[in-house]
Amino acid sequence: MSGNHHDSHHPGPESYAALRTKALEALLVEKGLITTDVIDTVVRTYEQDIGPLNGARVVARAWVDPAYKQRLLADGTAAIAELGFGGRQGAEMVVLENTPTAYNVVVCTLCSCYPWPVLGLPPSWYKSYAYRSRVVREPRTVLREFGLELPEAVEIRVWDSNSDVRYMVLPERPAGTEQMSEAELTALVTRDAMIGVAKVQVPATVGRS
Amino acid sequence: MPEEPDPHIANMDEQLALPRKNGELVFAAPWEARAFGIAVVLNEAGVYPWRDFSQGLAAETAAAEQHGMPAGYYERWLETLAKLAIARGLVTPEELDARTTEYASGLHDAHEAHDHHRPHETPGV
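Protein chains in written order, with the working numbering: chain A, 756 to 964; chain B, 12 to 136.
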């Protein structure tokens, strides 16, 4: 039995698209432009870590529903479970609200504790020693390296996750999104914004829906 | 090899957004995942910026709508990918068509499509 290998033993004719894809892949491999292993890796990466849609839903709901936001900040674990996410792991979820004067950023200095039920798998930099050690000592500099320039007046709070408590940032809702639906807002929220190394941006191409 | 999805790809908007179910990618057939992976790998290799791919995908989508015969998301994706690969000179339309026909006729066994490919004559490049 071929187990989990793709494409094995398909009875019947394959679709034109399947054949064409196979042809394209084979040609690119023969020309040495790609390898099947790299494709496997990329597909796996995207399948496992497509991004923080769950967390983004939590954030968007909090932006449009003040009562939900209150519950979320009061008891993150319960409010996130309301939307059907959790998985628990025994860890408590604490949601940190960014404001114009206070900015939160999450780290795990000891290892790589991460709120994966809402944010998926952690990015590699989150697990890096450089991030774990430096964000505590010089958060402003680290954030700048992520492209986030915060005014001196903004207080930066660094939160160290551990096996009991996992943090997630509730980013500020960007200006100019007042007319957006919850679904549209969800699409704006990035993983990095929920870790606290980026702000939520409104793409220039917003509109048309 | 990047260890995380590119947000430009993961968060394409609206019509172009990757099909998902409960947040996770959905591939209706194995070829869809392969087509997805090839497009991403070529982008990472610097063959084209993702903007070119998403614009191509938007064009395919608009064309499909105009013809009132909406192909599936990954059919449009594959067309976009094939056109870009041809435009960038990675493959010729002739060899792609020829190989597709070959596979369709069963000359090539599906299992050989991957790494260990037996040498074979490439028609008129």
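Beta carbons: idealized from backbone N, C-alpha and C, even for Gly.
Residue i: first and last residue of the uninterrupted beta strand (DSSP E) it sits in
i, result
"Leu-925 (chain A)", "920–925"
"Lys-858 (chain A)", "Per the sequence shown, the amino acid found at residue 858 (chain A) is Tyr instead of Lys. Taken as a continuous stretch (DSSP letters only), the beta strand (DSSP E) holding Tyr-858 (chain A) covers 857–862."
Sub-8 Å separation of residue i and residue j beta-carbons
i, j, result
"Val-952 (chain A)", "Val-849 (chain A)", "no"
"Val-897 (chain A)", "Leu-851 (chain A)", "no"
"Leu-782 (chain A)", "Tyr-114 (chain B)", "no"
"Phe-47 (chain B)", "Val-793 (chain A)", "no"
"Leu-940 (chain A)", "Val-819 (chain A)", "yes"
"Glu-785 (chain A)", "Arg-45 (chain B)", "no"
"Ile-10 (chain B)", "Ile-789 (chain A)", "As displayed, chain B neither begins before 12 nor continues past 136, which places residue 10 (chain B) out of reach and without an answer."
"Gly-67 (chain B)", "Leu-95 (chain B)", "yes"
"Glu-76 (chain B)", "Thr-91 (chain B)", "no"
"Pro-870 (chain A)", "Tyr-801 (chain A)", "no"
"Leu-838 (chain A)", "Arg-946 (chain A)", "no"
"Leu-828 (chain A)", "Val-813 (chain A)", "no"
"Val-700 (chain A)", "Glu-847 (chain A)", "Residue numbering for chain A in the displayed model covers 756 to 964; residue 700 (chain A) lies beyond these limits and cannot be assessed."
"Leu-107 (chain B)", "Ala-857 (chain A)", "no"
"Glu-927 (chain A)", "Asn-853 (chain A)", "yes"
"Tyr-881 (chain A)", "Ile-950 (chain A)", "yes"
"Leu-29 (chain B)", "Thr-776 (chain A)", "no"
"Lys-824 (chain A)", "Ala-817 (chain A)", "yes"
"Leu-27 (chain B)", "Ala-73 (chain B)", "no"
"Pro-877 (chain A)", "Ser-867 (chain A)", "yes"
"Pro-872 (chain A)", "Phe-840 (chain A)", "yes"
Which residues DSSP lists as bridging residue i, in chain order
i, result
"Asn-54 (chain B)", "None, per the DSSP bridge assignment."
"Arg-31 (chain B)", "B:Leu-36"
"Met-949 (chain A)", "According to DSSP, which records beta bridges pairwise, Met-949 (chain A) is partnered with nothing at all."
"Met-848 (chain A)", "A:Arg-921"
"Asp-915 (chain A)", "A:Val-862"
Where the alpha helix (DSSP H) containing residue i begins and where it ends
i, result
"Asn-809 (chain A)", "808–819"
"Val-909 (chain A)", "Segment: none, Val-909 (chain A) is in no alpha helix (DSSP H) and carries neither H nor E."
"Leu-68 (chain B)", "61–77"
"Leu-865 (chain A)", "Unbroken run through Leu-865 (chain A): none, as it is neither H nor E."
"Leu-943 (chain A)", "937–943"
"Lys-730 (chain A)", "Here chain A covers residues 756 to 964 and nothing more, so residue 730 (chain A) does not appear."
"Ala-930 (chain A)", "That residue, Ala-930 (chain A), is in no alpha helix (DSSP H); it is neither H nor E in DSSP."
"Arg-889 (chain A)", "884–892"
"Thr-854 (chain A)", "Run containing Thr-854 (chain A): none; DSSP gives neither H nor E here."
"Leu-89 (chain B)", "84–98"
"Asp-108 (chain B)", "104–115"
"Ala-872 (chain A)", "The sequence given here has Pro at residue 872 (chain A), not Ala. Residues 871–874."
"Gly-831 (chain A)", "831–837"
Short CB-CB distance (under 8 Å) between residue i and chain E
i, result
"Arg-31 (chain B)", "In summary, chain E is missing from the structure at hand, where the protein chains are A and B."
Between the segment 49–83 of chain B and chain A, which residues of the former have CB atoms less than 9 Å from a CB of the latter, in chain order? Ile-49, Val-51, Val-52, Leu-53, Glu-55, Ala-56, Val-58, Ala-82, Gly-83
Is the segment 932–942 of chain A touching the segment 895–910 of chain A in the sense that three or more CB pairs, one from each, lie closer than 8 Å? no
Any chance the segment 91–102 of chain B sits against the segment 51–66 of chain B, with 3 or more Cβ pairs inside 8 Å? yes
For the segment 770–793 of chain A, list every residue whose C-beta sits within 9 Å of some C-beta in chain B, in sequence order. Ser-770, Tyr-771, Ala-772, Ala-773, Leu-774, Arg-775, Thr-776, Lys-777, Ala-778, Leu-779, Glu-780, Ala-781, Leu-782, Leu-783, Val-784, Glu-785, Lys-786, Leu-788, Ile-789, Thr-790, Thr-791, Asp-792, Val-793
Between the segment 912–922 of chain A and the segment 857–871 of chain A, are three or more C-beta pairs nearer than 8 Å? yes
Across the segment 76–91 of chain B and the segment 39–49 of chain B, are there enough close Cβ pairs to call them in contact, namely three or more that are closer than 8 Å? yes
Near-chain A residues of the segment 101–120 of chain B - C-beta to any C-beta below 7 Å: Leu-101, Val-102, Glu-106, Leu-107, Arg-110, Thr-111, Tyr-114, Ala-115
Output needed in chain order: residues of the segment 84–95 of chain B with a Cβ under 8 Å from some Cβ in chain A. Tyr-85, Glu-86, Leu-89, Leu-92, Ala-93
Chain-ordered residues of the segment 34–46 of chain B with a beta carbon less than 7 Å from chain A: Gly-34, Glu-35, Leu-36, Ala-40, Pro-41, Trp-42, Ala-44, Arg-45, Ala-46
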